[in-house]
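Contents: one structure, followed by commentary.
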Amino acid sequence: MKLLLILLIFFFFFKSVEAKNIWLGEWIASDKWQSEFSIKIKKDGTASSNYGSGEIGEWKLTDGNLTIFWNSGKTDYFFSGVMGYQRIRKNKNQSYTSGLRKSSN
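Read the sequence shown against the working numbering and you will find it ends at 654, with the numbers running on by one and no gaps.
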């Protein structure tokens, strides 16, 4: 019984690490006008973007998906959907969904 408990803890720990690692790195996103820009997800829990004048924020994992809380008050949600990786951008008055791909850099 103890062995089973240890194996379950081990399994869930590494699934969490795996979910975190797929999001780390640079991503290419599109705005609602289909202009591309990059979002960098860093291991230290911060995120940065070159969108507009640039954005800085912090991220966290929720059920294997990524949520970025930008200092501007906007929020991005990264998830793996039926159409591949996708991003939902939310602010006070509107939201939109766009495609997302991992940068080759």
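Cβ coordinates follow ideal geometry from the N, Cα and C atoms, glycine included.
Take the alpha-carbon of L610 and the one of T616: they are about 6 Å apart. Separation of the CB atoms of F627 and R638 is rounded to 10 Å, and the pair is thereby denied contact status at 8 Å. Residue environment for G606: buried (at least 16 other C-beta atoms within 10 angstroms of its C-beta). Straight-line spacing of the CA atoms in F618 and M550 works out to 41 Å. Membership of D625 in the beta strand (DSSP E) is indicated by the continuous run 624-630. For I605, the beta-bridge partners assigned by DSSP are S597. Within the model, the alpha-carbon separation for I588 versus Y634 is close to 14 Å. Here the alpha carbons of S652 and S584 stand approximately 15 Å from one another. Annotation for T595: I605, G606, E607, W608 place their beta carbon closer than 8 Å to its own, counting only its chain and skipping 5 residues before and after.
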